[in-house]
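Student:
In my numbering, the protein residues as written are -7 to 125.
Below, the structure written as structure tokens:
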């Protein structure tokens, strides 16, 4: 039993770090966007939940890869921050293609939300695969 729990301290450290990074991600991402995701979600705007949800998965995938590949907590933190930055850049790139993105999501338009979400998820998958440090 003691052998089975030998990795528990490392698990707890990486898990707490990951939860903190997810919280940081949600805070920064929602500040970077031109619409208030949480207010829209409280109003049951499905497009906002869809875009934010896919974005969160697009962040969690490379964060999971960082946890798997990290040799140290600092590795995990640095690569988690890289994953965060990639998702912010994706949002801004999609805004270049679709300048009225936030207004469309706030209006409940699923096409805009799905395009942003798919872009975020795709970037997250590529980002996770590229993390081979």
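Backbone N, C-alpha and C define an ideal beta-carbon position, used for all residues, glycine too.
For clarity, every value in this text was computed on a predicted model and none was experimentally measured.
Going straight from the alpha carbon of residue 78 to that of residue 110, what length do you get?
Tutor: Cα-Cα distance, rounded: 14 angstroms.
Student: Just the C-alpha distance for residue 122 and residue 68, rounded to the nearest angstrom, thanks.
Tutor: Between residue 122 and residue 68, the C-alpha separation is close to 14 angstroms.
Student: Start and end of the alpha helix (DSSP H) containing residue 116?
Tutor: Residue 116 -> alpha helix (DSSP H) spans 102 to 122.
Student: Distance, Cα to Cα, residue 27 vs residue -5?
Tutor: So the alpha carbons of these two residues sit roughly 49 angstroms apart.
Student: First and last residue of the alpha helix (DSSP H) that includes residue 93?
Tutor: Counting along the chain, the alpha helix (DSSP H) containing residue 93 begins and ends at 93 to 98.
Student: When you compare the segment 82 to 93 with the segment 51 to 69, are there three or more beta-carbon pairs, one atom per stretch, that lie closer than 8 angstroms?
Tutor: The segment 82 to 93, when compared against the segment 51 to 69, does not touch it at the 8 angstroms Cβ threshold.
Student: Measure the Cβ-Cβ separation of residue 72 and residue 113 and say whether it is below 8 angstroms.
Tutor: Cβ atoms of residue 72 and residue 113: not closer than 8 angstroms.
Student: Taking the alpha helix (DSSP H) that residue 79 belongs to, which residues open and close that run?
Tutor: Element bounds for residue 79: 65 to 89.
Student: If you measure between the beta carbons of residue 42 and residue 105, is that distance less than 8 angstroms?
Tutor: Contact flag set, yes.
Student: Please report the distance separating the alpha-carbon of residue 95 from that of residue 103.
Tutor: Looking at the two C-alpha atoms, the distance is approximately 12 angstroms.
Student: Taking only the alpha-carbon atoms, compute the straight-line gap between residue 47 and residue 1 and give it to the nearest angstrom.
Tutor: Distance between the alpha carbons of residue 47 and residue 1 is about 29 angstroms.
Student: Exposed or buried, what is residue 15 when buried is set at 16 or more other beta-carbons lying within 10 Å of its beta-carbon?
Tutor: Residue 15 should be labelled exposed.
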